[in-house]
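Take the sequence shown: its letters are residues -20 to -1, 1 to 300, numbered as in mature numbering (1 follows the signal peptide of the UniProt record, and there is no 0).
C-beta: ideal position from N, C-alpha, C; glycine also.
The structure under discussion appears below in the form of structure tokens.
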Amino acid sequence: MKKYVYALAAFLTLGFAACSSDDDEDNSIDTDVDVTEDVIYSFTNRNATMFQTASAEISLYKRADLAQYSAPKDLVFPVEVDVEKSTAVEGTHFSFAGEKSITVPSGKSQGSLKLNFIKKEEGKDEIVLTVKKPSDKFFLGDNASLTIKIVGEAIEVLKGTWGSCTWESSNKDYWGLSYDLSKFPSVSSEDQLTISDGGLEVNMKSDLKNYFVGNSEMKYIQEQIFRFPEDYLLKRTGFVFVLNNINANFSAQSSTIKDSRVAFAVIKDDNNEEVLEVIVYSYEPTDFLVEEYNGMKDFATEDEPAMIYYPLRYHFKRVQ
């Protein structure tokens, strides 16, 4: 009988030990999932422009149907500078902000890295990047390389006199769907502004003078991607500056002069002519969109003012 009890006890002991061992194994399951299908990797764009910074982005697609591929784990793609095709020199004209690789995070289909501007030198202003595959399951797509043109400081692109102001048509139409446009600021073809190393000089004839109340210093903050309610698929990279002579109320009746962020971007119109897009998104309106402002002001931050989701876009044509 004793032998039976001892044997049973030994069996139960082994059983509990086995369960404990199994539990340990469950707690240390390898969550690193392998890529099991063929994937196309490619730079999202063939060309980019470097001002203070530039970004290099890659996208992943399923080879079978070209649908976006979501990474099952963090995927790292080494990036190299093609020194034979590049005229700019790493460490002299530009630098990488971090590792020379692009990580596509788990669950995502895109990843990017950042490069920083050092200096511009005539004839040495192009960077050509290539990207390597992490395993044999990956196949290079159409954009095998990315060429980045070094422009330099953002203000160099914006410099000049701009006039013939218009309210960007799709932005105006969008607000006109739900709001009384007569309460919004008017614009005039006689509105004019000049950007130089000395800052912003304004000569506004319309209601824009109630926002741009006088000449301002321009303090560069950052490049920022903007999206707009009238066309959320549109991604606009704007140069954000702090202007020190702005009436945040955008009103002739009330005035709050304060440092405010304004974004600028140079784009091309249908005639391939340069247009300066001025994006007003840091304002505290008292004559229009008042309810919207009151609903958002408690959530505002320095980087995301209350009206960032209610931007007003104005276009100026280059005069000189």
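Residue environment, residue 228, which counts as buried when at least 16 other CB atoms sit within 10 Å: Taking the first residue of the sequence shown as position 1, residue 228 is located at position 248. Buried, since its Cβ has 16 or more Cβ neighbours within 10 Å.
Cβ distance (whole Å) where residue 118 is taken to contact residue 56 below 8 Å: Taking the sequence shown and counting its residues from 1, the one referred to as residue 118 is at position 138. Taking the sequence shown and counting its residues from 1, the one referred to as residue 56 is at position 76. Wrong, their Cβ atoms sit about 11 Å apart, outside the cutoff.
Report buried or exposed for residue 158, applying the criterion of at least 16 other Cβ atoms within 10 angstroms of its Cβ. Within the sequence shown, residue 158 is the residue found at index 178, counting from 1. Residue 158 is classed as exposed because its beta carbon has fewer than 16 other beta carbons within 10 Å across all chains shown.
Roughly how far, in whole angstroms, is the beta-carbon of residue 113 from the beta-carbon of residue 21, given that I think they are within contact range, below 8 Å? To locate residue 113, count along the sequence shown from 1; it is residue 133. To locate residue 21, count along the sequence shown from 1; it is residue 41. The C-beta distance from residue 113 to residue 21 rounds to 6 Å, short enough to fall under 8 Å.
So, at 6 Å on beta carbons, what are the nonlocal neighbours of residue 166 in its own chain, with the 5 sequence-adjacent residues on each side left out? Here residue 166 refers to the residue found at position 186 of the sequence shown. Here the set comprises 186 and 187.
Would you call the stretch 121 to 135 and the stretch 275 to 293 touching, i.e. three or more CB-CB distances under 8 Å? Of all C-beta pairs linking the stretch 121 to 135 to the stretch 275 to 293, fewer than three are shorter than 8 Å, placing the two stretches out of contact.
Per DSSP, residue 295 is paired with what? Counting from 1 along the sequence shown, the entry for residue 295 is found at position 315. 146 and 257.
Proximal residues to residue 33 (C-beta, below 7 Å), its chain only, five neighbours per side dropped: One-based indexing of the sequence shown puts residue 33 at position 53. Excluding sequence positions up to five before and after residue 33, its CB lies within less than 7 Å of the CB of 94, 95, 96, 97 and 203, all in the same chain and listed in chain order.
Among 155, 91 and 137, which has the Cα closest to the Cα of residue 29? In the sequence shown, counting from the first residue as 1, residue 29 sits at position 49. In terms of CA proximity to residue 29, 137 leads the group 155, 91 and 137.
Beta-carbon contacts of residue 249 that lie in its chain and below 7 Å, excluding the five residues immediately before and after: Against the sequence shown, residue 249 aligns to sequence position 269. Counting only Cβ-Cβ distances below 7 Å, and skipping sequence neighbours, we find 255.
DSSP state of residue 178, grouped into three classes? One-based indexing of the sequence shown puts residue 178 at position 198. Under the three-state reduction of DSSP, residue 178 is assigned to coil, being neither helix nor strand.
Contact set for residue 26: own chain, Cβ-Cβ below 6 Å, skip 5 residues either direction: On the sequence shown, residue 26 is found 46 positions in, with the first residue counted as 1. These residues qualify, in order along the chain: 123.
Need the endpoints of the alpha helix (DSSP H) that residue 198 sits in, please. In the sequence shown, counting from the first residue as 1, residue 198 sits at position 218. That residue, residue 198, is in no alpha helix (DSSP H); its beta strand (DSSP E) goes 198 to 208.
Residue 135, enclosing alpha helix (DSSP H) - first and last residue: Translated into positions along the sequence shown, residue 135 becomes position 155. Counting along the chain, the unbroken alpha helix (DSSP H) around residue 135 starts and ends at 134 to 138.
Which runs of the alpha helix (DSSP H) fall wholly inside the stretch 11 to 55 and span at least 4 residues, in chain order? Entirely contained in the stretch 11 to 55, not one alpha helix (DSSP H) run reaches 4 residues.
Within 10 angstroms of the Cβ of residue 46, are there 16 or more other Cβ atoms? Answer buried if so, exposed if not. Taking the first residue of the sequence shown as position 1, residue 46 is located at position 66. Exposed, by the Cβ-count rule.
According to DSSP, residue 218 sits in a beta bridge with which residue or residues? Locating residue 218 in the sequence shown gives position 238, where the first residue counts as 1. 204.
For residue 195, the first and last residue of its enclosing beta strand (DSSP E): To locate residue 195, count along the sequence shown from 1; it is residue 215. Segment: none, residue 195 is in no beta strand (DSSP E) and carries neither H nor E.
Below 8 Å between beta carbons: does that hold for residue 264 and residue 297? One-based indexing of the sequence shown puts residue 264 at position 284. One-based indexing of the sequence shown puts residue 297 at position 317. 8 Å or more divides the Cβ of residue 264 from the Cβ of residue 297.
Among 134, 168 and 267, which has the Cα closest to the Cα of residue 162? Along the sequence shown, one-based indexing puts residue 162 at 182. The candidate whose alpha carbon is nearest that of residue 162 is 267.
Boundaries of the beta strand (DSSP E) in which residue 284 is found, first to last residue: Here residue 284 corresponds to residue number 304 of the sequence shown, with the count starting at 1. Counting along the chain, residue 284 falls outside any beta strand (DSSP E), and DSSP gives it neither H nor E.
On the three-state DSSP scale, how would you describe residue 64? Along the sequence shown, one-based indexing puts residue 64 at 84. Judged by DSSP in its simplified three-state form, residue 64 adopts coil rather than helix or strand.
Residue 48 versus residue 233: straight-line alpha-carbon distance, rounded: To locate residue 48, count along the sequence shown from 1; it is residue 68. To locate residue 233, count along the sequence shown from 1; it is residue 253. Pairing residue 48 with residue 233, the inter-Cα distance amounts to about 52 Å.
Is the beta carbon of residue 67 less than 8 Å from the beta carbon of residue 106? Counted from its first residue, the sequence shown places residue 67 at position 87. Counted from its first residue, the sequence shown places residue 106 at position 126. The answer is yes: Cβ separation under 8 Å.
When burial is assigned at 16 or more other CB atoms within 10 Å of the CB, is residue 261 buried or exposed? Along the sequence shown, one-based indexing puts residue 261 at 281. By the neighbour-count rule (16 or more Cβ atoms within 10 Å), residue 261 is buried.
Presumed contact (8 Å Cβ cut-off) between residue 125 and residue 23, rounded CB distance: The count along the sequence shown starts at 1 and reaches residue 125 at position 145. The count along the sequence shown starts at 1 and reaches residue 23 at position 43. The pair is a contact, with the Cβ atoms about 7 Å apart (cut-off 8 Å).
Just tell me which of 149, 134 and 80 has its CA closest to the CA of residue 99. Counting from 1 along the sequence shown, the entry for residue 99 is found at position 119. If we check each option's Cα against that of residue 99, 134 comes out closest.
Report the residue from 43, 284 and 237 whose alpha carbon sits nearest the alpha carbon of residue 121. Position 141 of the sequence shown, counting from 1, holds the residue named residue 121. Among 43, 284 and 237, the Cα nearest to that of residue 121 belongs to 43.
Given residue 103 as reference, the closest of 81, 77 and 65 once Cα atoms are compared: In the sequence shown, counting from the first residue as 1, residue 103 sits at position 123. It is 65 whose Cα lies nearest to the Cα of residue 103.
Near residue 280, what residues of its chain come up, given a Cβ to Cβ distance below 7 Å and the 5 sequence neighbours on each side ignored? Along the sequence shown, one-based indexing puts residue 280 at 300. Around residue 280: 286.
Per-residue DSSP class, three states only, for residue 105: Position 125 of the sequence shown holds residue 105. It is coil, neither helix nor strand.
My assumption, with CB atoms under 8 Å, is that residue 244 sits in contact with residue 230. Please give the rounded CB distance. If you number the sequence shown from 1, residue 244 lands on position 264. If you number the sequence shown from 1, residue 230 lands on position 250. Not really, about 18 Å apart at Cβ, beyond 8 Å.
Is DSSP giving residue 229 helix, strand or coil here? Within the sequence shown, numbered from 1, the residue matching residue 229 stands at position 249. In the structure shown, residue 229 sits in coil (DSSP, three-state: anything other than H, G, I, E or B).
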